[in-house]
Each structure stands twice: as C-alpha cells, then as structure tokens.
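Numbering (UniProt numbering), first residue to last: 10 to 244.
We put the beta carbon where it would ideally sit given N, CA and C, even for glycine.
Report on one structure; see the data block that follows.
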Amino acid sequence: PAAISMSHVSKIYHSDEEGDRTALADINLDIAVGDIFGIIGLSGAGKSTLVRCINGLETYQGGSLRVRGQEVSTLDAKGLRQLRQRTGMIFQHFNLMPSRTLLGNVELPLANTGMTRRQRTERAQELLDLVGLSQLAQSYPGELSGGQQQRVAIARALANRPDILLSDEATSALDPNTTKSILALLRDLHDRLGITVVLITHEMAVVRQICNRLAVIDQGRIVEEGRVFDVFAKP
Ligand code: ADP
Ligand code: ADP
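Here it is in structure tokens:
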C-alpha cells in the first residue's frame, strides 16, 4: 500500500512583483509503507514545497496527493490535525523551545490529547529513552550538542505515534559523524517501529546511507526515480 501517492501534482506561486513561479510541475510519486524514501535536489528545486503540500501546510493546484489514501486537499480542520499528528516532522534547525526542558519539549505535542499530566510525562520519558537521552530529561536544549538536539526533535516528532516521519534537511546543520549517528537512529526507528521515513535532502551521501528508494527533483520536476541501488549503478 502507498503511504503517500502523488499524481500530476503542481504548485504555482503567484506574486505581483515576480510573476508566477512554478515550484512543482506534474509530480508523480509513490512512497510505499515501509520505505525509507529520499527526495534529493538542489536549493530551490521544490523540496520544501513538496513537504508542505504533504502535510497540508500548503495547497496544490492540480492533480491528486493522497496520504494514507486520503486526498489532502479535501481534509477539513480535524482531518488536517490528524494528518499532522500521524506525520511527524523534523527540521534542519530542530525548532526546540529553549525555555523548556527536554521533557517539556517532548511533552508539547501531547497537550490536548486527553492524557493526564502523569501519562504525558511517562510517555515523554519513554520517548527520550527511545532516542538515547533519558538521562538528560531535565536539561535544556541550549545545553546540548546539535546531534542531541536533533534526537530530542525526533522524540517530539514521534510523540503521537506517527506512521510517517518527514525529515526536511534534518542533518544539514550537523557534522558528518553526527549525521551518521542521526541516520542510524532513523533507520533503527524505522526498523523497530515500522514507520515510513521520507528524507528531504540536498546531500547524496545521506540518501546513499539509508534510503531504499529515491527521487531526484529539479526545477519542480521529478527527473529520476527508483531504487537507490539501481540509480547509483547507472554509468
Ligand atoms: P527547496 O526546498 O528545494 O529549496 P522550495 O520548495 O523552497 O525549494 O522552492 C521551490 C521554488 O518555489 C523556488 O523557486 C522558490 O523561490 C519558490 N517558492 C518557495 N516558496 C515560495 C513562496 N512562499 N512564494 C513564492 N515563491 C516561493
Ligand atoms: P515493544 O518493544 O513494547 O513491543 P515497540 O518496539 O513497538 O514496543 O516500541 C518501542 C517503544 O516505542 C514503545 O515505548 C512504544 O510506545 C513506542 N512506539 C511504538 N510505535 C511508535 C511510533 N509509531 N511512534 C512513536 N513511538 C512508538
């Protein structure tokens, strides 16, 4: 089954000063449940637009974009909320709240879910455990390394038990060794929890290290798609 499927998706930004800009043009893409799918492209290729469309943060004009079989453009406010709960996101700059402890950060998405305070704390502690930071629950983001902060962001992204994790340049601000350990963590979470992982990146090495499939996007178009093994085997 498809986790995410796109057929003829397009997105044009209108601007009075700069005219129309095509960010996505006729995108066809199938991401299967259980994939670790890489979407690679240069800056400005359309990767972030694609992610925002998948999460319903941006509208698309043409075509069909289904997440878990549901057409994103038809979702109401409640549907969008559920879509985002079941689709965890991590970013380049971690986006943690500096005034909250790690535990407090991971608890945030559990607010208004009907859990008691105690259940939220237990769940957040469990999630910190999952990413190897249980000892640092009472620390603050500013006391951590970049790699540790990204682990916290991953824990927070998993709080509502998503079945899809979207990573938008999540290792771009990290050094090569830290990148390796974060990618190893993502692969481990994929294997243990059965989540589908979508990795947006401009770094070929990232895709090579953990993805099973990839799509190359250039100027809003998919120019190459397939198994990582086959794509890299090409002369
Ligand atoms: P990437 O994430 O691959 O760097 P983006 O999705 O951010 O690419 O951008 C794709 C194209 O759409 C670029 O030409 C960019 O300038 C344009 N674009 C992105 N967001 C907007 C916006 N909010 N308004 C107008 N143009 C945008
Ligand atoms: P167990 O080892 O107890 O059978 P799992 O291996 O499925 O459980 O999960 C290990 C931990 O990850 C548990 O704490 C569980 O609550 C949590 N977990 C399971 N699935 C997800 C998910 N999709 N997102 C976040 N956490 C999850």
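message: Please list the terminal residues of the continuous beta strand (DSSP E) segment that includes R30.
response: R30 to A41
query: Quick one: is F100 buried, meaning 16 or more other Cβ sit within 10 Å of its Cβ, or exposed?
result: buried
message: Just checking A32 against ligand 1 - is the residue's beta carbon closer than 6 Å to any of the ligand's heavy atoms?
response: yes
query: Any heavy atom of ligand 1 closer than 6 Å to the Cβ of N69?
result: The amino acid at residue 69 is misidentified as Asn; the sequence shows Tyr. No.
- prompt: Would you say S19 and A34 are within 7 Å of each other, going by their C-beta atoms?
  reply: yes
query: Anyone know if the C-beta pair for residue 331 and R95 falls short of 7 Å?
result: Within the shown structure, residues of the chain are numbered from 10 to 244, placing residue 331 beyond reach of any answer.
query: Roughly how many whole angstroms lie between the Cα atoms of T125 and Q228?
result: Looking at the backbone, the Cα of T125 and that of Q228 are separated by about 47 Å.
message: DSSP three-state label for E212, please.
response: coil
message: Whether or not the segment 77–91 and the segment 229–242 are in contact is what I'm after, with contact meaning three or more pairs of Cβ atoms, one per stretch, closer than 8 Å; do they touch?
response: no
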